[in-house]
Amino acid sequence: MDSYKHKGLRSKLTATVKAKGITDKKVLNAINLLPRHLFLDKAFEEWSYKDQAFPIGEGQTISQPYTVAFQTELLELNPNDKVLEIGTGSGYQACILSLLCKRVYSIERQRQLFLKTSDLLRQIGYGSIRTLFGDGYKGAPRFAPFDKILITAGASSIPQDLIDQLKIGGYLVLPLGEGDSKTMTRITKTSEDQIKREVFGEFRFVPFLEGTS
Ligand code: SAH
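Counted from 1, the sequence shown has number 87 at position 107 by the working numbering; the numbering is strictly sequential.
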């Protein structure tokens, strides 16, 4: 399942991500540990350890490792955090999160992808990640409040439901903006009705879509 060759490629990928500016050692360790080739079809294995996004079916992509590391670093995870990811996709980002904190929930709006990835996560030993099928705009009120929420699709506005499901002091990290290029944004819920906004550069993402399919 995992080989010396894969491990070697992974340590190169980790060095690349570090060279691009990721400094959090826990995040770099997680990238170095998690076999990314398990999240791509076998035919595309050789692409797994390039620092690139890649198609995973249903018109969706597995995010670029640098972007995964960047978003994860912004979350400043603590081991006891309860985290919600919006956009399960391949499950790669969810596994990175679960290497850094105990309770991970992840929502996907495409049923086929939800079913396929839920199976995969169980098979590779990440069955503790709670996968949910639904519209991420609405969050997961049954499991709220969350310490951190991460959106892995490009949003054009900040969903109020997600702010409502954050603890005071919690973060919502999301790529935000009107056009194709999104501004990486970290929202802190500073009180019941106030937020603070920080911005961190431009990224490209597949769109955050309302409803399920
Ligand atoms: N985190 C993923 C990245 C997947 S790309 C990974 O590591 O592979 C973004 C994902 O968000 C896609 O799978 C897309 O179907 C999903 N998505 C888009 N809008 C959504 C919504 N409203 N609710 C839940 N998932 C959504």
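All C-beta atoms, glycine included, are put in the ideal place defined by N, C-alpha and C.
Assigned exposure category for residue i - 16 Cβ within 10 Å defines buried
i           : result
residue 179 : exposed
residue 95  : exposed
residue 121 : exposed
residue 91  : exposed
residue 134 : buried
residue 127 : buried
residue 175 : exposed
residue 35  : exposed
Secondary structure of residue i, DSSP reduced to three states
i           : result
residue 135 : strand
residue 184 : strand
residue 155 : strand
residue 116 : helix
residue 144 : helix
residue 103 : helix
residue 150 : strand
residue 89  : coil
residue 170 : strand
residue 111 : strand
residue -6  : helix
Rounded C-alpha distance that separates residue i from residue j
i           : j           : result
residue 84  : residue 117 : 17 angstroms
residue 102 : residue 108 : 8 angstroms
residue 73  : residue 49  : 9 angstroms
residue -6  : residue 12  : 6 angstroms
residue 43  : residue 124 : 26 angstroms
residue 106 : residue 171 : 34 angstroms
residue 4   : residue 89  : 31 angstroms
Closer than 7 angstroms to chain B by CB, residue i
i          : result
residue 56 : In the structure shown, chain B does not exist; there is a single protein chain.
Item to check | Stretch pair the stretch 112 to 121 + the stretch 53 to 61: three plus CB contacts closer than 8 angstroms | outcome: no
Checklist entry - Taking the runs of the alpha helix (DSSP H) that are 4 residues or longer, which of them lie wholly in the stretch 51 to 87? => result 72 to 80
Item to check | Entirely enclosed alpha helix (DSSP H) segments - the stretch 7 to 40, minimum 4 residues | outcome: none
Checklist entry - Three or more C-beta pairs closer than 8 angstroms, one from the stretch 14 to 32 and one from the stretch 141 to 149: is that the case here? => result no
Item to check | Cβ pair count under 8 angstroms reaching 3, the stretch 25 to 36 against the stretch 73 to 82 | outcome: no
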